[in-house]
Every structure is written in C-alpha cells, then in structure tokens.
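Mapping of the sequence shown onto full-length UniProt numbering: residues 1 to 260, in sequence order.
Glycine included, each C-beta is placed from N, C-alpha and C at the ideal position.
All values derive from a computational prediction rather than experimental measurement.
Here is the structure we will look at.
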Amino acid sequence: MRCFLLLAAALSSGVSAQTYNPTERYVTAGQDEPGYRGWYMASPRNPIEVAALNRYLEDAGVADVLPTWQVIRTASDWQRCGQPAFQVPPTSEWPHVVQTLRYIREVVVPAVGGVEAVSAYRNPLLNTCAGGARASAHLGFYAIDMVPVHELPRAVLMERLCTIHNRRGKAYDVGLGFYPFIRFHVDSMGYRRWGIDPALSAACPPIVRDKDAGNVGQPLSQVPLAQPPVQPQPQPQPQPQPQPQLQPQSPQPVQPAPVQ
C-alpha cells in the first residue's frame, strides 16, 4: 500500500510539473495578475479609471466576457519598450471593444472554450516599438489577442475558429488573425482574415483587401515559429606562405697568405 501511495504521488508530481500554461510565451512577470495588483495600487488614478471602464462594460452588457484586468493588458513587449504593462484606453475608444467582446462570448468561446486575453489597447509608442501594423486595431481598442485556456493543437484551434468565422464573422463584421503558436486576434474593424497556415488556406483563405494592408498583422510566412540557432561559420585558416629555400653556399677556397 505504501509503495502504491508513493507511486501515485510521483505520478501526480510529474503531471503537475507539466501543467499547461497557455500564456507562458506571451505574459511575463509584471503583466500577470500579481503584476496587475501592483500596477493598480501604484497610482490613485488607476483604480478610478479601472472602475469607470468596468462600469461602462457592465452597461454595455459585456463585463462578464473577460476580467477587466486582462482587457487592459497592453503588449507582450511592454517591458522591452519601456511602456506600462496595463493601461486604460482613452474613453473615446471604449465603444470599439464592445462588439469584439460580444463576438468572443457568442462565437469564440462556444468554439474553443475559455480564453485569456494577452493584449488589447496599445498606445502609439508601444504599438510602434512592438512591431504592430501602422494602423493596428489595437491602437483604437478594437482588438484583443487571446490564447485558449484549454490545451488545443494549433491546427485544431485554427480550423475551429476559421470555420465559425466563415459562417458568422461577416454578420458581426469582425476580423480574425493568427500569430505563432496558439495566439489569435479578434477585432471589430471589419470582416477580414489573415495568418492562416498554408495547409488550411484552401478551406479558410485569407481575406485582406487593399484598404486593410495597414491594419492586419504580419503574414505568417514572415513570422517563423522558431528561429533556428545560428551556427558559427568556420573561419578559414590562413595558409602558410612558402618560405624561399636557401641554397647552401659553397665554401670559398682559402688563399694561402703571401710569404713575407
């Protein structure tokens, strides 16, 4: 019995060590929930602005879709860019996120399960530094980037979201984009689609018009999933220069000294 319990504990430990963490690639310390608490208390203005945004989302009927603290996450590169990890957008931008949240609740979650937001509003400085599109939907609080809470292979995630976007995306007038690994994007700036893996592009072709060129993410073909390590190239070794061969000199005959 004791051996059985030890084995069960070991197996449980192994499982917990491999617990799925959907935000591992996208959220660093300081942009997680403890980081939010620190940011919230760092300025007396922050609680006031968060409460105002939360009331607005409640009045719009979408406060239950995602926690408000996730909806004000900025960008994964916040630290590198020297920008805040959380930021309440200007009030003029708040209406834009309402339709995005409706689509997440009514279409995305039924298709893939719960999601966690990893990026929403970005101020212009952060958007430029993070490599966002020049007219990114994040600038106007139209967009939310998410990851699924429950583990899904990328191909399955993409297939489910593409299928439902084909059926219902136009009615909501929302855009759908995919980034490396399991991160995806939903916005309310218009019906379009990008970042689809080539294997799925026949059933789920990209939808990007000329006018959309400045507000969609970089094509997947230009965003490799992993950069292979660069192997140092061997440096050519200098070839030794041939040294001239010295010919031995013939000994000169010794002339006898003249007899004095």
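- Ile207 sits in a strand when the DSSP states are folded into three classes.
- When secondary structure is reduced to three states using DSSP, Ser188 falls in the coil class, being assigned neither helix nor strand.
- Looking at the backbone, the Cα of Val149 and that of Val109 are separated by about 10 Å.
- Taken in chain order, the complete alpha helix (DSSP H) segments of 4 or more residues contained in the stretch 49–81 are 68–71.
- Contact between the stretch 71–86 and the stretch 26–37 is present: 3 or more CB-CB pairs across the two stretches fall below 8 Å.
- In this structure Arg134 is in contact with Gly214, their Cβ atoms being roughly 5 Å apart against a cut-off of 8 Å.
- In the DSSP assignment, Glu159 falls within the unbroken alpha helix (DSSP H) covering Arg154 to Tyr172.
- Approximately 5 Å separates the beta-carbon atoms of Ile72 and Val88; this is inside 8 Å, confirming the contact.
- For Tyr20, the number of other beta carbons within 10 angstroms of its own is below 16, and it is reported as exposed.
- Excluding its 5 nearest sequence neighbours in each direction, Leu66 has C-beta neighbours in its own chain below 6 Å: Ala117, listed in chain order.
- For Ala143, the beta-bridge partners assigned by DSSP are Asp187.
- Following the DSSP letters along the chain, one finds Ala120 in no alpha helix (DSSP H), marked with neither H nor E.
- Around the Cβ of Gly177, a 10 Å sphere holds 16 or more other Cβ atoms; the residue is buried.
- In the structure shown, Trp94 adopts coil according to DSSP, grouped into three states.
- In the three-state reduction of the DSSP assignment, Pro148 falls in the strand class, which pools E and B.
- Here Ser92 is exposed, its C-beta having fewer than 16 other C-beta atoms within 10 Å.
- In the displayed model, Gly195 falls within coil according to three-state DSSP, outside both helix and strand.
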